[in-house]
Every structure is written in structure tokens, then in C-alpha cells.
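Presented below is the structure to which this report refers.
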Amino acid sequence: MSRPKVVPFDGPRPGAPLDDDDADGLRERLEELQAEVERLRGAGEEEGGRGPGRSEGLLVALARVLHGGRRAFTWERVARLWAEIYFAWHTEDPDDFGYDPVFTRTFMPFLEFLYSVWWRVETEGIDHVPAAGQALVVANHSGVLPWDGAMINLAIRHEHPARRECRMLALDMFALMPFLAPLVAKTGGVRANQENGERLLKRGDLVAVFPEGVKGIGKPYKRRYKLARFGRGGFVRLALRAQAPIVPCAVVGAEEVHPMLLNLGWLGRPLGVPYLPVTPTFPALGPLGFVPLPSKWSIDFGDPIAVAPYGPQAADDPILVNRLAQEVRATIQNMVDARLARRRSIWFG
Amino acid sequence: MSQPRTAVTGVASFLGARVLRRLVERDGAASVVAIDVAAPPSALEVVHRAIDLTEPASDQKVLDTLREEGVTRLVHCAFFTSPRRDSTYSHELESIGTLNLLAAAAAAGVDHVLMRSFTAVYGARGENPNFLTEDRPLQPNAGLAWVRDKLEAEQHAASFARRYPDLKVTVLRFAPLLGPDVHNFYTRLLDHRVVPTVLGYDPLVQMLHPDDALTAFELALAKAKGGAFNVVPTRPITLGTALHTAAKVPLPVPHPAAYPLVDLLWAAGLADAPGGFVDYARYLFVADGEKARRELGFTARHSSRDALISYLHYRHAAPQLWPARAPA
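Read top to bottom, the protein sequences are chains E and C.
Just so we're aligned, residue 5 is where the first sequence starts under my numbering, counting upward by one.
Just so we're aligned, residue 48 is where the second sequence starts under my numbering, counting upward by one.
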């Protein structure tokens, strides 16, 4: 056993009264030691794979400012606090498409609350989603805000035995809008286009797409559960090129979360949004209008539609592409209708 | 001996100087000719021809040099890595200079021209896919002289490659460089404590380590395959993460205000780039390195994050989020 090392201490004897010089000396020594601890901690973190710019964390920075009172309110502290707020909940190593697992994990409890308590989502046929390899989930789109995408993602993540991650192909209006653009990318969304979809599928990812696009998500309440045109069949071309099976998916309940009574599109267009809804709660209740109504949801997955027999070159056959798109659309419409026929109440299922 | 002789232009530029040094180290000083208005380091003992590519008769001078020195390969690095206020001069050098150089190379019967270019020529746009491939049309953002000159140089290169089948023209589109000794637009931003960003946008960006850039040059010279290749790091990084790693204080500016504001600062001589470059902090211009891997056998060894950290280590001996200081 090694004896503890004796550290020479050149301060005043314990118990003796401190004069001001001693106190200042001790304070200086304490600051030196604190700086040393900071330095060592920084070095240790760097070895552990964390970057050199590791900060002390939002809560510590906030506590310092609050604890220090008015004296701590310097530009230095404010800048530090601001940077902590700005960089909170970010991973240091996002994936190639900007997916940020730390950020997503931070928001997960909120989404889980929506999933299991607020909308009480019921899933059926989750085993139709392949456990591994590429697949294209095609779903109906509704509900003004893209909550349905988040819930499909959560359903596959939580209920599928393989706990798969699903990458959403996001509409331009979400993928390019300020604030929403980074939010979409950090939670695993990717701007919807052929190149991105093909790259994800060829990587072996599970990709979800809403071919109705804006026409689906921004449709008035009186046209609820009537599927809009399925784009120009881009999703079929995508599936054909990547030779990925199409998994039809029907979401019921999302139409009622923000029932759009009136569309003030003419007001929204200059702001860069293709639709601006008037719902029973928005804009009448102000920010409360963003709270979605607690309808009962169901997410059904259908039998995968194999496109492999047609071969990748079939993507250049517009007649075939359109026929397949219509087939998928009819399948999803039937699934929605079947679920609606079973549904007794909007709120209780 | 049939050692290929290589002429290098732009030897005063960061990449040009490194390519020159690498060639001298590998094949000896006799195998290299430097063409630039500025002289290369005298320690390298290479033949230096001071030719100003912006002169009207420079094509004849280059042609004479190429013939006299028996040059078989030409590496063209005479490009500005940052926007310049004197856009007339940079246009003359980059667009017209490239034209002169290519004309001389074609007339002298040079086998292979290797030209440096930038992934910025794709243009940063909302409709870009996450990874731009080489067959993507080049659509630089309107009104940016810096990118337009690069685009014109690329167009000259493509047209010469078409007209002279014997002349192999390789264009390497490098992602923005970041690493030890690099001084460019990014490093000037990173040298400030407070860095402006575009409010509500956080695009992925690529930062290429200079070592990888040099490896790509060597492979492209060795393989001598014509065509354009993206030279990119293994992985991109989001701008926000990069600023976080570099311990910067972000200053988000709403994008409608950012364009005129940056233009104003540029006009006042306070900004490093005109307002059009806000697009490059707002939208994606991430390129795909698959073609270079397949045809040149080039794979980057560093990710964007590695490049950034190597720059931070070079710039600050011990990078720290907040400089140590006494409590207030």
C-alpha cells in the first residue's frame, strides 16, 4: 500500500484567523486549481472521442447566470448561454443525410405521448413491413401538419420486431421552409426526389413516402379520406429503379386532428405555404390552435406489392408506372374504407 | 528515359504549391515546369516560366514553353479560392486564362490536362438532391462572378475535350478545403468568435482535408482518365455541428435580411463574400464521391469533421470552447 502523498501547503495554519492577503492568495490558488480541473476534463473528453469544443451544458450555463445574479450578466455569459441554447441536443456526428439521433431521442418522449396517450394509435399488419432490406412504405397523407409521418415512423420503430428506422421523404414545403428544414433533416426526413429516395433504398433502408403530397395533407375536411391524385407516379419509378417492394399503408384518424374548414391559400402563398387552414381552433385560439385534436388513430399495413418482376427498366414505361400507381392508390383507398366501416367514433375508435 | 514532364500553373496557390512539391519529391525537379507570375520556392530548383495568363498573347508563350520543355502533362491550378473584389482580373485569369492554356495544350500535343475545380459550381439550391453526381447540370447561383468564372473554365475544358479527342481533360471538383495551413473563405469565418448563420437553416456541408486533395491529384495524374470527378470527404457535417465543434457563437440572421446585409458589408469591404453566397449557407451543395472511387480508386481518408478538427488544432494549439479566464 502506498502512503498518501503529503501536499505541502503554504497557506495559513488551520484555525488561525485569515487576513485579506491570505484570503486573496487562497482564492487565486482555488481558481488555478479549477482551471486545471477544467483543462484535464477537456483533455479526457477529447480522448473519449468528443470534440474539442465540448461545452459545459445548457443547464450549467443557465444555473451560472441565474446564480451569479446581476454581476454575472456580462456579454461573455450571455454569449455562452446563447451558444448553449443554440447547440442544445445536437449530436456531433450526424449521418450522411443529416439525421441526428440525439435530437430525435430528445423529442421521442413527446412523440411517444402523442402515439400512446393522445391518439392511442392501433397498428395492424406490421409484419407486412420487411424485417430487413429495402422497402417503400406508401401511405395516405392528411392532417395539415405531417403528424402522420411521425406516427408511421414511431409505429415501425416500436411495434415492429426488428425495431426499424424509417426514413421519410418530405415535401418541399417542409424540407425547404426555415426552421422546418433542419427539423425534418435531424429527425430522419429527406427532401423527396428520385435521387435521394434511390440512394436510401439502395442502402437497404426503409423509406416512407406520401404520393398525394400537398393535395393530400392540405385537403378540406369535407373531402376527408378521399385520396387525392398520386402525383405523377414518381414513387413507382423509385420502387422500380431500386427494385424495392411497395408496402401500402393506411392512416385513419389523422384527418380529424386539424379539420380544415376553410383554406386561406391566397394569404399563405406570399408567406411560402401552399395552404393556410382555418380549423375550429386555429386561428381562433391562437397558439392553442396548434394542439391537435385527440382523435383515435389506426395505422394499417397491407400486403407488400412486389415490383421486381417488371425489372428496373420498366421505370421508363409511363403507362405501366401509372397503372401501378393507380393500383397502389386503390389498395390504400380500400384499406382506408375498410377501417372507416369498422370505426364507430372519431374519438374512441 | 521517357519520364513524363509536367507543367503546373498557379504554383503560388495552396493546392498548386503542394502539387508542385509532391511532384518534385516523387519524380525530381527536372520533371516539373512551373508556370506562374509568382516564382515557386527557390529551394525546389524547378524551371520557372513567368507567364501572365491574362495577357492576350499568353497562349503563344505557353505553347512555346510547352514545346521547348517537352511537356506532356499539364496541371492547372490557377484559380482563386475566395471571391475577389477585382472581378475583371479574376475573369481574365480564370475563364480567358484557362482558354489560352487549353489552346496551347491542344496545339502542343499535350496528352493530359488536369484542372482544379470546385463543388460550388453545382450551385447551392433548394432543389438539389442530397448528393450531387457529376452528370448534374452546373447551375451556379446567379450573380456570383466567382462561381461563374469557374463554370466558364469548366465549359472551356469540356469543349476542348470534345474537339480534341487525343487531349484528355480531367476536371477535379474539390469540396471546400479545410485543414492545416489552409487560408480561405471558411477559415476567415472560423477565425471570428461570432459567426453569422441563416436563421432557420442548417445545411450539410463538406470540408476536404488537403492530404486527401493531394492524393486525388496524384491518382488522377496516374490514371489519366478524362472527365469530371467530385473529390469529397467521407462524410458531410451540418453547419451547426461544425460551428459547435469550433466553439463559435452563432448569430442567426433571417434570410430576407441576410442577402442585402451581406451585399452591403461586401460593398463596404467588411464581408468576405457578396450576398449571393448566403445560398451556400442555406442550401445543399454536397457532392457524391462514388465516381472518383470507382474510376480513380480515390477514397478520402478524412471526414469533414476530421478536416475541421485538424484545422482547429493547427489554428489553436489546444482548442477550447471558452478560453480560460478568471471569473468575473
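By construction, the Cβ of each residue, glycine as well, lies at the ideal position given by its N, Cα and C atoms.
Just so you know, these numbers come straight off a predicted model, no measurement behind them.
| query | Between which two residues does the alpha helix (DSSP H) harbouring residue 139(E) extend? | reply | Translated into positions along the first sequence, residue 139(E) becomes position 135. No alpha helix (DSSP H) contains residue 139(E), which is instead part of the beta strand (DSSP E) from 139–143.
| said: Which residue marks the beginning of the alpha helix (DSSP H) containing residue 360(C), and which one marks its end? | reply: Here residue 360(C) refers to the residue found at position 313 of the second sequence. Per DSSP, the continuous alpha helix (DSSP H) segment holding residue 360(C) begins and ends at 351–362.
| field | Alpha-carbon spacing of residue 359(C) relative to residue 273(C), whole angstroms | value | As a first step, residue 359(C) is located in the second sequence; it is residue number 312 there, counting from the start. As a first step, residue 273(C) is located in the second sequence; it is residue number 226 there, counting from the start. Put simply, the backbone Cα of residue 359(C) is about 36 Å away from that of residue 273(C).
| Can you name the residues of chain B whose CB is closer than 7 Å to the CB of residue 180(E)? | In the structure shown, chain B cannot be found, because the protein chains are E and C.
| message | Counting only C-beta atoms, is residue 123(E) closer than 9 Å to chain C at any point? | response | Here residue 123(E) is taken as the residue at index 119 of the first sequence, counted from 1. Taking Cβ atoms only, chain C never reaches closer than 9 Å to residue 123(E), which makes this a no.
| said: Just to confirm the assignment, what range does the beta strand (DSSP E) spanning residue 121(C) have? | reply: For the purposes of this step, residue 121(C) is taken as the residue at position 74 of the second sequence. 120–123 is the extent of the beta strand (DSSP E) around residue 121(C).
| message | Which residue wins for smallest C-alpha separation from residue 62(C), given the options 164(C), 336(C) and 73(C)? | response | Sequence index remark: in the second sequence, residue 62(C) carries index 15 (1-based). Distance check between residue 62(C) and each of 164(C), 336(C) and 73(C) places 164(C) closest, using alpha-carbon atoms only.
| query | Going along the chain, which residues of the region 81–105 of chain E sit with their C-beta nearer than 7 Å to a C-beta in chain C? | reply | Of all residues in the region 81–105 of chain E, 83, 84, 86, 87, 90, 91, 94, 96, 97, 98, 100, 101 and 102 have a Cβ within less than 7 Å of some Cβ in chain C.
| query | Under 9 Å between C-beta atoms, does residue 48(E) make it to chain C? | reply | Here residue 48(E) is taken as the residue at index 44 of the first sequence, counted from 1. Caution applies to residue 48(E), whose pLDDT of 49 falls short of 50 and renders its modelled position unreliable; the model cannot decide the point.
| field | Residues in the region 285–298 of chain C having any Cβ partner in chain E nearer than 7 Å | value | Per Cβ criterion, the list reads 285, 287, 288, 291, 292, 293, 294, 296 and 297.
| request: Pick helix, strand or coil for residue 163(E), following the three-state DSSP scheme. | output: By one-based count along the first sequence, residue 163(E) stands at place 159. Secondary structure of residue 163(E) (DSSP, three-state): helix.
| query | Touching or not, the region 56–71 of chain C and the region 122–136 of chain C, by the rule of three or more beta carbon pairs under 8 Å? | reply | By the C-beta criterion, the region 56–71 of chain C is judged to be in contact with the region 122–136 of chain C, since at least 3 inter-stretch pairs fall below 8 Å.
| Terminal residues of the alpha helix (DSSP H) in which residue 159(C) lies | As a first step, residue 159(C) is located in the second sequence; it is residue number 112 there, counting from the start. Bounds of any alpha helix (DSSP H) do not take in residue 159(C); it lies within the beta strand (DSSP E) bounded by 159–165.
| task | Indicate whether at least one CB of chain E lies closer than 9 Å to the CB of residue 225(C). | result | Position 178 of the second sequence, counted from the start, is the residue given in the question as residue 225(C). Not one chain E Cβ lies under 9 Å of residue 225(C).
| query | Should residue 168(C) be labelled buried (16 or more other beta-carbon atoms within 10 Å of its own) or exposed? | reply | Within the second sequence, numbered from 1, the residue matching residue 168(C) stands at position 121. Buried: at least 16 other Cβ atoms inside 10 Å.
| Pick from 162(E), 72(E), 215(E) and 75(E) that is closest to residue 115(E), judged by C-alpha positions | Here the question's residue 115(E) lines up with position 111 in the first sequence. Of the residues 162(E), 72(E), 215(E) and 75(E), the one whose Cα lies closest to the Cα of residue 115(E) is 162(E).
| query | In the structure shown, what three-state DSSP assignment does residue 127(C) receive? | reply | Locating residue 127(C) in the second sequence gives position 80, counting from the first residue. It is coil, neither helix nor strand.
| message | Suppose you measure from the CA of residue 41(E) to the CA of residue 33(E); what does that come to, to the nearest Å? | response | Here residue 41(E) refers to the residue found at position 37 of the first sequence. Here residue 33(E) refers to the residue found at position 29 of the first sequence. Cα to Cα, residue 41(E) sits roughly 12 Å from residue 33(E).
| query | Can you list the residues of chain C that residue 33(E) reaches, using a CB-CB cut of under 8 Å? | reply | Within the first sequence, numbered from 1, the residue matching residue 33(E) stands at position 29. Residue 33(E) does not reach chain C, its nearest Cβ partner there being about 13 Å away, counting only Cβ pairs nearer than 8 Å.
| message | Going by DSSP in three states, residue 244(C) sits in which element: helix, strand or coil? | response | If you number the second sequence from 1, residue 244(C) lands on position 197. Residue 244(C) falls in the strand class under three-state DSSP.
| request: Note down, in chain order, each residue of its chain lying with its Cβ closer than 6 Å to the Cβ of residue 64(C), except the 5 sequence neighbours on either side. | output: Residue mapping note: residue 64(C) aligns to position 17 of the second sequence, counting from 1. Within the same chain, residue 64(C) has close Cβ partners 58.
| query | Since residue 203(E) meets chain C, which of its residues come closer than 9 Å, beta carbon to beta carbon? | reply | Counting from one through the first sequence, the residue named residue 203(E) turns up at place 199. The CB of residue 203(E) comes closer than 9 Å to the CB of 176, 177, 178 and 335 in chain C, given here in chain order.
| message | Applying the 10 Å Cβ sphere with the 16-neighbour rule, what's the burial state of residue 115(C)? | response | Residue numbering aside, residue 115(C) sits at position 68 when the second sequence is read from its first letter. That one is exposed.
| message | Any beta carbon of chain C sitting closer than 9 Å to that of residue 195(E)? | response | One-based indexing of the first sequence puts residue 195(E) at position 191. Closer than 9 Å: yes.
| query | First and last residue of the alpha helix (DSSP H) that includes residue 394(E)? | reply | Residue numbering for chain E in the displayed model covers 5 to 353; residue 394(E) lies beyond these limits and cannot be assessed.
| List, in order along the chain, the chain E residues whose C-beta lies closer than 7 Å to that of residue 255(C)? | Taking the second sequence and counting its residues from 1, one reaches residue 255(C) at position 208. For residue 255(C), there are no C-beta contacts with chain E under 7 Å, since the nearest C-beta of that chain is about 15 Å from it.
| task | Compare the C-beta of residue 322(C) against all C-beta atoms of chain E and say whether one is closer than 9 Å. | result | On the second sequence, residue 322(C) is found 275 positions in, with the first residue counted as 1. The C-beta of residue 322(C) comes no closer than 9 Å to any C-beta of chain E.
| What residue from 289(C), 84(C), 136(C) and 110(C) has the CA that sits closest to residue 6(C)'s CA? | Residue 6(C) falls outside the range modelled here, since chain C spans only 48 to 375, and no answer is possible.
| Going by DSSP, what residues sit across from residue 267(E) in a beta bridge? | By 1-based counting over the first sequence, the position of residue 267(E) is 263. 281(E).
| said: Tell me the residue span of the beta strand (DSSP E) that contains residue 304(E). | reply: Residue 304(E) sits at position 300 when you count from the first residue of the first sequence. For residue 304(E), the enclosing beta strand (DSSP E) has its first and last residue at 302–305.
| query | Using a beta-carbon distance below 9 Å, is residue 233(C) in contact with chain E? | reply | As a first step, residue 233(C) must be located in the second sequence, where it is residue number 186. Closer than 9 Å to the CB of residue 233(C) there is not a single CB belonging to chain E.
| Helix, strand or coil at residue 254(E) according to DSSP, with G and I counted as helix | On the first sequence, residue 254(E) is found 250 positions in, with the first residue counted as 1. Three-state result, residue 254(E): strand.
| request: Could you pull out every residue in the same chain whose Cβ sits closer than 8 Å to the Cβ of residue 343(E), ignoring the five residues on either side in sequence? | output: If you number the first sequence from 1, residue 343(E) lands on position 339. These residues qualify, in order along the chain: 254, 256, 302 and 304.
| task | Kindly say whether residue 23(E), judged by its beta-carbon, lies nearer than 9 Å to any beta-carbon of chain C. | result | Start at 1 with the first residue of the first sequence, and residue 23(E) comes out as number 19. Chain C contact via Cβ: absent.
| request: Any chance you could list the beta strand (DSSP E) runs of at least 3 consecutive residues sitting entirely within the region 270–344 of chain C, in chain order? | output: Those beta strand (DSSP E) runs which fall completely within the region 270–344 of chain C and span 3+ residues are 274–278 and 296–300.
| message | Once DSSP output is grouped into helix, strand and coil, what is the label at residue 174(C)? | response | The residue given as residue 174(C) occupies position 127 in the second sequence. Three-state DSSP puts residue 174(C) in coil, outside helix and strand.
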